[in-house]
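The first sequence: position 56 = 56 (the working numbering), numbered continuously.
We put the CB at the ideal spot given by N, CA and C, even for glycine.
Please read these numbers as outputs of a predicted model, since none were measured by experiment.
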Amino acid sequence: MIDLKRLREDDAYRQRAIAKGVESSSVDRVLAVDAEHRQTLAETEQLRAESNAASKEIGRADPSEREAKIAAAGELKSRLTEVEGRLETSSGELNELVLTIPNPAHDSVPEGGEEAFRVETVVGDTPEAPKYNHGELGEHLGIVDTARAVRMSGSRFAYILGDAVRLQFALVQWTLSKIAAHGFIPVVTPVLVREEMMELAGFFPTDRNQVYALEADELYLIGTSEVALAGMHREERIDEADLPVRYAGYSSCFRREAGTYGKDTSGLFRVHQFDKVEMFCYSHPDRSWDELELLRTIQEEIVGGLELPYRVITVASGDLGAPAAKKYDLEAWLPSEQRYREVTSCSNYTDFSARRMNSRMKTDSGNVLLHTLNGTACAVGRILLNIFENHQLPDGSVSVPEVLRPFAGGLEVITPR
RNA sequence: GGAGAGAUGGCAGAGCGGACGAUUGCGUCGGUCUUGAAAACCGUUGAACCCGCAAGGGUUCCGGGGGUUCGAAUCCCCCUCUCUCCGCCA
Numbered sequence: 001m002i003d004l005k006r007l008r009e010d011d012a013y014r015q016r017a018i019a020k021g022v023e024s025s026s027v028d029r030v031l032a033v034d035a036e037h038r039q040t041l042a043e044t045e046q047l048r049a050e051s052n053a054a055s056k057e058i059g060r061a062d063p064s065e066r067e068a069k070i071a072a073a074g075e076l077k078s079r080l081t082e083v084e085g086r087l088e089t090s091s092g093e094l095n096e097l098v099l100t101i102p103n104p105a106h107d108s109v110p111e112g113g114e115e116a117f118r119v120e121t122v123v124g125d126t127p128e129a130p131k132y133n134h135g136e137l138g139e140h141l142g143i144v145d146t147a148r149a150v151r152m153s154g155s156r157f158a159y160i161l162g163d164a165v166r167l168q169f170a171l172v173q174w175t176l177s178k179i180a181a182h183g184f185i186p187v188v189t190p191v192l193v194r195e196e197m198m199e200l201a202g203f204f205p206t207d208r209n210q211v212y213a214l215e216a217d218e219l220y221l222i223g224t225s226e227v228a229l230a231g232m233h234r235e236e237r238i239d240e241a242d243l244p245v246r247y248a249g250y251s252s253c254f255r256r257e258a259g260t261y262g263k264d265t266s267g268l269f270r271v272h273q274f275d276k277v278e279m280f281c282y283s284h285p286d287r288s289w290d291e292l293e294l295l296r297t298i299q300e301e302i303v304g305g306l307e308l309p310y311r312v313i314t315v316a317s318g319d320l321g322a323p324a325a326k327k328y329d330l331e332a333w334l335p336s337e338q339r340y341r342e343v344t345s346c347s348n349y350t351d352f353s354a355r356r357m358n359s360r361m362k363t364d365s366g367n368v369l370l371h372t373l374n375g376t377a378c379a380v381g382r383i384l385l386n387i388f389e390n391h392q393l394p395d396g397s398v399s400v401p402e403v404l405r406p407f408a409g410g411l412e413v414i415t416p417r
């Protein structure tokens, strides 16, 4: 949620919100409704003060005077009811409009749409297409079974079996061990949350059609543990000295993938259910930009440590999404497609999400909003398929990345079952 | 799933229509005393928003949302959560 006060007082801030793609007329509209709302609020509070005073007066008054005073207070009350009606209308309208204003992008973010990204680093060679693409390879090695999964659950589901499972748990363990060194506390989160939490985390109403709903219980399956981690310190004050607070959420993630018919239909690339380790940071507002660089560094250590060729891009302002002030995508080279595809991303939401959650930092001079950041540590499916292609040997077997071997019981090569 | 009890400031716990944003205790922070500390004593101690350069003023908040009333922590309705007993269960 945007900082309304700043939006009306800070021209540069307003300009950057507009630069992110929102119509300048809708910003004007928000400001107009805001002004009207504050006007009505002042009126209401004035009347309430009078009305409160009148009521107290009645309590103190001599019984013989009560009748008259109650009548006078009744008069005040009907005026108050009228003004409160207007206040409700204006605050309802304002609350709705406020959600349409995105978090302004940081100065370092390139302007423009999806194609306007800036490449930050490119690491590793970009190999030729392997013998099998990741979809074919999973079937060839007998470690991914989509045919039977589809028969059971429908498209975009998969059984992961055998050595792929050993690889999955090795990946998770190795990832957790790497980020634990940076003070991330591992968390297994609930995967079902209430509607309210989806709204507070910013996924409803915008991404509602991407989320699985359990109607009988009015619960929703999370698409990322970010939802559950963002809600952890709702309505809380964290001591300045305890910051940053860093969590590594591990959960299965569920996505309907509505509107992606025919896209990435092979293998594990785009599935309805996958496991992911997600980093989430509650940061001192003065240090969140350093925190974002830390997330990026960790992501490079993880993807680089697995010996996958990759590049890092800064996503352009128009492609950022409402809450992010800046976002890095790390894209790994997918040999079968001869292009880079996203495997992780990390964002600084500044105070945009913390404002709605009311997550604050306790300081001597008051409680100020925290900054929140999130980033993928390891999206298991995407990493697995990148390993399948980039570490594929000429005969179609797969060499397990060195760093994972100790975590995979010494497994070195995956060969057909 | 069935039956009952409850949710109040950092914690404990009173208040059950009128001076209550809330008695009190513990804890917090500051002070007196002390070489220092403890004890004792004195004081202090919630948040969000609006107006204001500021000083300051105002509104709202007793789990959440509605209602009754001139007036609600207190009465009524709905929701959420917690606890106890029974049943079921990894």
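Annotation: residue 361 is outside any alpha helix (DSSP H); the continuous beta strand (DSSP E) that includes it extends over 360-363. By the criterion of a C-beta distance shorter than 6 angstroms, residue 135 is surrounded in its chain by 266 and 267, once the five residues flanking it on both sides are discounted. The beta carbon of residue 162 is closer than 7 angstroms to those of 142, 143 and 417 in its chain, skipping five residues each way along the sequence. Taken through DSSP and simplified to helix, strand or coil, residue 357 comes out as helix. According to the DSSP secondary-structure assignment, residue 367 is paired through a beta bridge with 362. By the C-beta density criterion, residue 5 is exposed, having fewer than 16 other C-beta atoms within 10 angstroms. Residue range 63-98 is occupied by the alpha helix (DSSP H) that includes residue 63.
Counting C-beta pairs closer than 8 angstroms gives three or more between the region 175-194 and the region 246-262, which meets the contact rule.
Distance check between residue 402 and each of 105, 260 and 305 places 305 closest, using alpha-carbon atoms only.
Judged by beta-carbon spacing, residue 157 lies within the 8 angstroms limit of residue 271, meaning their Cβ atoms are closer than that value. The Cβ atoms of residue 326 and residue 347 lie closer than 8 angstroms to each other.
Note that the C-beta distance between residue 238 and residue 282 is below 8 angstroms. Your pair residue 319 and residue 113 checks out as a contact, with CB atoms roughly 6 angstroms apart and the cut at 8 angstroms.
Of all alpha-carbon atoms in 173, 198 and 291, the one lying nearest the alpha-carbon of residue 405 is that of 173. With a threshold of 16 other beta carbon atoms within 10 Å, residue 242 falls short and is exposed.
For residue 279, the enclosing beta strand (DSSP E) has its first and last residue at 273-283.
Residue 56 carries a helical assignment under DSSP once its states are collapsed to helix, strand and coil. Leaving aside the five residues that flank residue 79 on each side, the residues in its chain whose CB is nearer than 8 angstroms to its CB run, in chain order, 47. Between the alpha carbons of residue 24 and residue 369 lies a gap of roughly 27 angstroms. In this structure, DSSP gives residue 323 a state outside helix and strand, which the three-state scheme calls coil.
In the DSSP assignment, the residues bridged to residue 331 are 311 and 342. In the structure shown, the three-state DSSP call for residue 204 is coil. For residue 288, the uninterrupted alpha helix (DSSP H) segment begins and ends at 288-305. Comparing alpha-carbon positions, the option among 87, 219 and 185 lying closest to residue 193 turns out to be 219. Take residue 255, set aside five residues on each side of it, and the residues of its chain with a beta-carbon closer than 7 angstroms to its own are 210, 223 and 272, in chain order.
Straight through space, the alpha carbons of residue 198 and residue 34 are spaced by roughly 26 angstroms. According to the DSSP assignment, residue 163 belongs to the alpha helix (DSSP H) that extends over 163-180. With respect to residue 120, residue 314 sits close: the two C-beta atoms are nearer than 8 angstroms. In this structure, residue 274 keeps its C-beta atom at 8 angstroms or more from the C-beta atom of residue 374.
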